[in-house]
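Protein chains: 2
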Amino acid sequence: MTDEATAFVPGHVTGFFSAHPHEDPARAGSRGAGIALSHGVRVTVRRADDGTEADSETTLNGESVAMPPVGGVRERLGVPGAAVDAETPLPLGSGFGVSGAMALGTAYAANAVFDRRLSENALVAAAHCAEVEAGTGLGDVVGQARGGLPIRLEPGAPDHGAMDGVPARPRVEYLAFGEVSTEEVLSGDTAALTRAGERALADLRERPTPDRLVALSRRFAREAELTTDRVESVVANVRAAGGDAAMAMLGDTAFAFGTALSDAGYDPVVCDVHRAGSGLVSE
Amino acid sequence: MTDEATAFVPGHVTGFFSAHPHEDPARAGSRGAGIALSHGVRVTVRRADDGTEADSETTLNGESVAMPPVGGVRERLGVPGAAVDAETPLPLGSGFGVSGAMALGTAYAANAVFDRRLSENALVAAAHCAEVEAGTGLGDVVGQARGGLPIRLEPGAPDHGAMDGVPARPRVEYLAFGEVSTEEVLSGDTAALTRAGERALADLRERPTPDRLVALSRRFAREAELTTDRVESVVANVRAAGGDAAMAMLGDTAFAFGTALSDAGYDPVVCDVHRAGSGLVSE
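Residue numbers (the UniProt record's numbering), protein chains in the order written: chain A, 1 to 283; chain B, 1 to 283.
This is the structure:
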């Protein structure tokens with residue numbers, strides 16, 4: 001038992017995906033592939049002063065925020081009095097999995113503070129289900145739990161889903177221009193998106209390399225008609241410079257490996273692939 | 001394609017286990033729980049000069065060694081000309097999973113050098129099967145691939161097994177006195193061992209904490225009649241000092257969390273839980 005605990009959860013960029021809704025949130029999710037980033041979210045949980053829900057605020061970079069997946073984790077763990085403070089350099093709503101990271105970080109840290117004695121799979125399941133129920137994501141949480149370049153073979157929380165990974169840890173570059181509404185895309189007709197995502201997954205499994213991950217992500221965004229004008233323009237310039245880039249699902253964000261964005265004259269944010277997945281950093 | 005690549009694989013101490021043989025090595029393995037250590041094995045693979053098997057040596061800390069699981073990985077990946085050089089501070093045969101680490105590190109690094117384009121699951125499966133066939137281990141490889149405090153829920157390589165984890169990252173202390181033959185124990189009657197291991201697993205799942213992992217490991221070694229005299233004496237002294245310790249499966253090695261060995265007057269080796277699991281560090 002401890003008064004306060006902090007967890008780190010990597011950001012997660014999805015390159016391509018297929019949506020698999022299910023009435024049981026532990027079986028709902030996505031197939032697809034992405035990148036766990038060394039840029040992530042530090043989530044600190046402490047007991048609210050009077051231990052009641054009324055007092056259990058959620059903040060992001062010092063500002064109070066409404067974050068339904070965090071509320072869902074509080075509920076699933078039975079810790080209404082968990083005050084949650086998150087810090088991140090990543091923009092919200094831009095395809096970096098910040099909501100999933102806040103949910104998963106809350107689960108890890110609240111488990112320590114409130115001595116819930118849950119296993120890693122149970123914590124990941126709580127965050128995944130809270131995120132699915134809030135409609136803010138379908139696959140970030142399981143990718144963030146694994147780290148690396150996660151491939152989601154089967155949708156769902158750990159007891160139902162299945163993961164693999166691309167065995168490489170390249171340098172990552174990204175440019176974040178703004179938001180795309182995950183809720184809007186996921187609540188629309190996802191049939192074409194899912195066909196394109198399934199095809200990309202089959203092709204990545206045949207040859208799981210970073211270059212292929214970017215190329216298939218670029219193809220997916222085009223086939224699913226999700227590419228924004230700004231990302232389209234970045235991709236065209238990067239390809240003209242001999243590199244490759246793709247769009248983060250779902251945000252107005254371009255990403256690439258190595259120096260592809262820099263080589264095309266951009267001034268991207270640079271980070272690494274996060275190796276470790278999520279976990280406590282102090283308790 | 002690259003001339004040389006290096007992977008890091010954490011050491012892995014098993015605290016308790018049950019043995020599950022199967023004619024298909026991908027389905028054979030163990031249930032149980034353990035610790036991935038920040039002390040591990042760096043494995044460098046390069047193309048042997050003339051690209052033939054005759055030239056593809058395996059060394060450990062500069063000395064030529066016979067290491068059948070490494071040979072098994074070469075065969076499964078179709079890379080007879082992979083020269084393997086491993087460096088580790090961990091003793092061989094003492095319950096730290098050095099053979100599994102060499103097999104898994106060879107798989108990761110050879111995949112990069114020889115452009116085999118395999119996924120992480122395929123690399124883990126190759127190393128797991130090679131280790132099972134060599135009789136040198138049943139569960140280290142999948143624990144080393146995951147990192148943290150891995151729980152093996154179901155035996156086997158990633159397509160067949162299932163993993164969970166204890167969500168904590170405590171400081172680790174250990175004292176390595178010498179070798180215990182894994183082959184000898186695994187080739188004997190494992191019925192009593194497996195009953196004790198299954199019971200420990202059920203109890204850990206009910207309350208997956210580091211303290212419980214040590215207590216259940218201590219009980220397991222006693223029930224399976226594997227505790228050595230030296231470890232027995234360390235455990236007694238640590239418990240007299242108010243702490244707890246257990247034995248590494250399979251080695252004449254005592255381990256504990258926090259400062260339990262130091263507090264009892266020992267001068268243990270100290271390391272951390274390895275968070276990241278295995279992977280390339282350079283290519």
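Glycine included, every Cβ here is placed at the ideal spot set by N, Cα and C.
Contact set for residue i: own chain, Cβ-Cβ below 7 Å, skip 5 residues either direction
| i | result |
| --- | --- |
| residue 22 of chain B | 28 |
| residue 126 of chain B | 73, 76, 77 and 107 |
Straight-line gap, residue i to residue j (C-alpha atoms, nearest Å)
| i | j | result |
| --- | --- | --- |
| residue 149 of chain A | residue 33 of chain A | 7 Å |
| residue 210 of chain B | residue 38 of chain B | 16 Å |
| residue 277 of chain A | residue 62 of chain B | 33 Å |
| residue 259 of chain A | residue 272 of chain A | 12 Å |
| residue 168 of chain B | residue 256 of chain B | 14 Å |
| residue 243 of chain A | residue 101 of chain B | 35 Å |
| residue 213 of chain A | residue 192 of chain A | 19 Å |
| residue 25 of chain A | residue 141 of chain B | 31 Å |
| residue 232 of chain B | residue 129 of chain B | 33 Å |
| residue 97 of chain B | residue 105 of chain B | 12 Å |
| residue 238 of chain B | residue 223 of chain B | 19 Å |
| residue 46 of chain A | residue 137 of chain A | 26 Å |
| residue 188 of chain A | residue 266 of chain A | 33 Å |
| residue 113 of chain B | residue 5 of chain B | 6 Å |
| residue 40 of chain A | residue 139 of chain B | 31 Å |
| residue 221 of chain A | residue 196 of chain A | 9 Å |
| residue 12 of chain A | residue 155 of chain A | 16 Å |
| residue 82 of chain A | residue 56 of chain A | 6 Å |
| residue 229 of chain B | residue 262 of chain B | 19 Å |
| residue 88 of chain A | residue 10 of chain A | 10 Å |
| residue 64 of chain B | residue 80 of chain B | 17 Å |
| residue 115 of chain B | residue 2 of chain B | 8 Å |
| residue 204 of chain A | residue 227 of chain B | 47 Å |
| residue 170 of chain A | residue 176 of chain A | 19 Å |
| residue 158 of chain A | residue 162 of chain B | 9 Å |
Best match in the options for proximity to residue i [C-alpha to C-alpha]
| i | options | result |
| --- | --- | --- |
| residue 208 of chain B | A:118, A:155, A:164 and A:113 | A:118 |
| residue 93 of chain B | B:272, B:217 and B:181 | B:181 |
| residue 144 of chain A | A:35, A:268, A:236 and A:5 | A:35 |
| residue 249 of chain B | B:127, B:184 and B:86 | B:184 |
| residue 172 of chain B | B:86, B:253 and B:44 | B:253 |
| residue 146 of chain A | A:4, A:59 and A:274 | A:274 |
| residue 123 of chain B | B:266, B:2 and B:7 | B:7 |
| residue 219 of chain A | A:84, A:280 and A:235 | A:235 |
| residue 91 of chain B | B:178, B:264 and B:280 | B:178 |
| residue 43 of chain A | A:99, A:86 and A:82 | A:86 |
| residue 99 of chain B | B:226, B:58 and B:159 | B:58 |
| residue 71 of chain B | B:31, B:131, B:19 and B:30 | B:131 |
| residue 19 of chain B | B:201, B:241, B:82 and B:10 | B:201 |
| residue 206 of chain B | B:230, B:166, B:264 and B:121 | B:166 |
| residue 103 of chain A | A:134, A:227, A:186 and A:162 | A:134 |
| residue 160 of chain B | B:176, B:121, B:190 and B:215 | B:121 |
| residue 279 of chain A | A:2, A:69, A:109 and A:162 | A:109 |
| residue 190 of chain A | A:215, A:281, A:225 and A:111 | A:225 |
| residue 292 of chain A | A:67, A:66, A:111 and A:69 | As displayed, chain A neither begins before 1 nor continues past 283, which places residue 292 of chain A out of reach and without an answer. |
Residues bridged to residue i [DSSP beta-bridge criterion]
| i | result |
| --- | --- |
| residue 249 of chain B | B:14 |
| residue 272 of chain B | B:171 |
| residue 4 of chain B | B:46 |
| residue 31 of chain B | B:18 |
| residue 69 of chain A | Answer is none; residue 69 of chain A lacks a bridge partner. |
| residue 150 of chain A | A:165 |
| residue 282 of chain B | B:6 |
| residue 209 of chain A | According to DSSP, residue 209 of chain A bridges with nothing at all. |
| residue 60 of chain A | A:63 and A:86 |
| residue 114 of chain B | For residue 114 of chain B, which the question treats as bridged, DSSP gives no partner whatsoever. |
| residue 179 of chain B | B:251 |
| residue 41 of chain A | A:9 |
Beta-carbon proximity list for residue i, same chain, < 6 Å, skipping 5 on both sides
| i | result |
| --- | --- |
| residue 164 of chain B | 151 and 153 |
| residue 15 of chain A | 33, 34, 213, 217 and 246 |
| residue 269 of chain A | 174 |
| residue 251 of chain B | 94, 95 and 180 |
Same chain, Cβ closer than 8 Å to residue i, neighbours up to 5 away in sequence not counted
| i | result |
| --- | --- |
| residue 335 of chain A | Nothing in the structure corresponds to residue 335 of chain A, since chain A is present only between 1 and 283. |
| residue 240 of chain B | 264 |
Within 8 Å of chain B by C-beta, residues of the stretch 136 to 154 of chain A in sequence order:
Listed by position, the residues of the stretch 136 to 154 of chain A near chain B (Cβ gap below 8 Å) are 147, 148 and 151.
Output needed in chain order: residues of the stretch 162 to 187 of chain B with a Cβ under 9 Å from some Cβ in chain A.
Contact residues of the stretch 162 to 187 of chain B toward chain A are 162, 163, 164, 165, 166, 167, 168 and 169 (C-beta to C-beta distance below 9 Å).
Using a Cβ-Cβ cut-off of less than 7 Å, list which residues of the stretch 272 to 283 of chain A approach chain B; keep chain order.
Flagged, chain order: 275, 276, 279 and 280.
Listed in chain order, which residues of the stretch 117 to 128 of chain A have Cβ atoms closer than 9 Å to some Cβ of chain B?
Flagged, chain order: 117, 118, 119, 120, 121, 122 and 123.
Pull out every residue of the stretch 243 to 259 of chain A whose Cβ sits closer than 8 Å to any Cβ of chain B, in chain order.
The residues in question: there are none.
Listed from N- to C-terminal order along the chain, which residues in the stretch 218 to 242 of chain A have their beta-carbon within a distance smaller than 8 Å of any beta-carbon of chain B?
Across the stretch 218 to 242 of chain A, no CB contact with chain B closer than 8 Å is found for any residue.
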